[in-house]
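Per the working numbering: the sequence shown = residues 4 to 209.
A virtual CB, placed ideally from N, CA and C, is assigned to each residue, including glycine.
A quick note: this is a predicted structure, and the numbers were derived from the prediction, not measured.
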Amino acid sequence: MEQKLSQLKMYWFADNPVPELQLPEGYSFSHFSEKNRDTDIHDWNECIRTWTHSDETDEVRFKHEIYDFRDIVPEEDVWFLDYQGQHIGTATSFVHKSTGAGDMHWVGIKEAFRGKGLSKYLAWIVQKTLKERGVPYVSLTTGEGRVAAVKSYLTAGFIPVEYAEGMVSRWEKVLETYGIDHVQMVWEDASPYKVLYRSGKKKEEN
């Protein structure tokens with residue numbers, strides 16, 4: 004059986020500045036609401052559905068990914084990016100009570116709105132919110148197959164984390180894909196590891 008690869012992990016350190024962004028006309032942010040529970044759960048699933056397949060019902064998946072996290076308060080932590088009042092994107096920002104670190108959880112945009120550069124606004128609201136809550140850093144996990152997402156996270160200042168076998172070579176290939184020469188990499192405890200170079204850059208220097 005083929006071994007499933009660990010997801011890529013990235014950190015953003017909250018001592019970095021958060022630039023002010025202006026949402027495009029017609030867009031706004033809102034939170035999950037228990038008053039609109041059924042609609043919000045459906046829309047949340049629609050935002051993330053094409054990133055990862057699941058046979059679970061919308062209700063069960065939301066329970067597993069949101070309600071079952073004891074540190075997540077849905078009406079405070081689950082964000083929606085709205086267009087003309089309709090939920091078209093989502094991201095969850097919460098704090099791990101055991102460590103005090105922040106987490107950017109389940110980021111997604113409905114398929115019809117992808118490719119418009121909107122994911123940067125979801126990353127921004129999470130960074131802004133968690134910085135205001137005093138976290139030392141924000142963590143996220145993703146797969147390298149989500150090319151646009153990984154690129155947007157790197158652009159937003161997230162950096163690679165060394166925490167599982169093969170991460171260095173996988174990140175070197177990611178950097179090569181985006182033409183990024185180098186980026187700082189850290190250990191899982193957030194201490195500096197080394198400067199990581201794209202795979203093509205290493206070949207040029209040899």
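Query raised in the report: What's the C-alpha gap between V177 and T145?
Result: 12 angstroms
**Report entry** Closest residue to A91 among R117, H108, W109 (Cα-Cα distance)
**Finding:** Per the sequence presented here, residue 91 reads as Ile, with Ala not at that position. Looking at the Cα atoms, R117 is the closest of the given residues.
**Report entry** Reference R173, options G29, D106, G148, closest by Cα
**Finding:** G148
**Report entry** DSSP-derived helix/strand/coil call for T60
**Finding:** coil
Query raised in the report: Excluding the five sequence neighbours on either side, which residues of its own chain have a C-beta within less than 6 angstroms of the C-beta of G88, listed in chain order?
Result: none
Query raised in the report: Quick one: any contact between the segment 127-140 and the segment 103-113, if contact means 3 or more CB pairs under 8 angstroms?
Result: yes
Report task. Could you tell me whether the Cβ atoms of Y70 and Y30 are closer together than 8 angstroms? Result -> no
**Report entry** Residue interval of the beta strand (DSSP E) (run including E68)
**Finding:** Looking at the DSSP string, E68 is not in any beta strand (DSSP E), and its letter there is neither H nor E.
Report task. Less than 8 angstroms between the CB atoms is what I'm expecting for T93 and W47, so what's the real figure, rounded? Result -> 5 angstroms
Query raised in the report: For the beta strand (DSSP E) that V153 lies in, which residues bound it at each end?
Result: Here V153 belongs to no beta strand (DSSP E); instead the alpha helix (DSSP H) covers 150-158.
**Report entry** Neighbourhood of P77 by C-beta distance below 6 angstroms, restricted to the same chain and skipping five residues each side
**Finding:** F35, I69
Query raised in the report: Which class does F72 belong to by DSSP, given the choice of helix, strand or coil?
Result: coil
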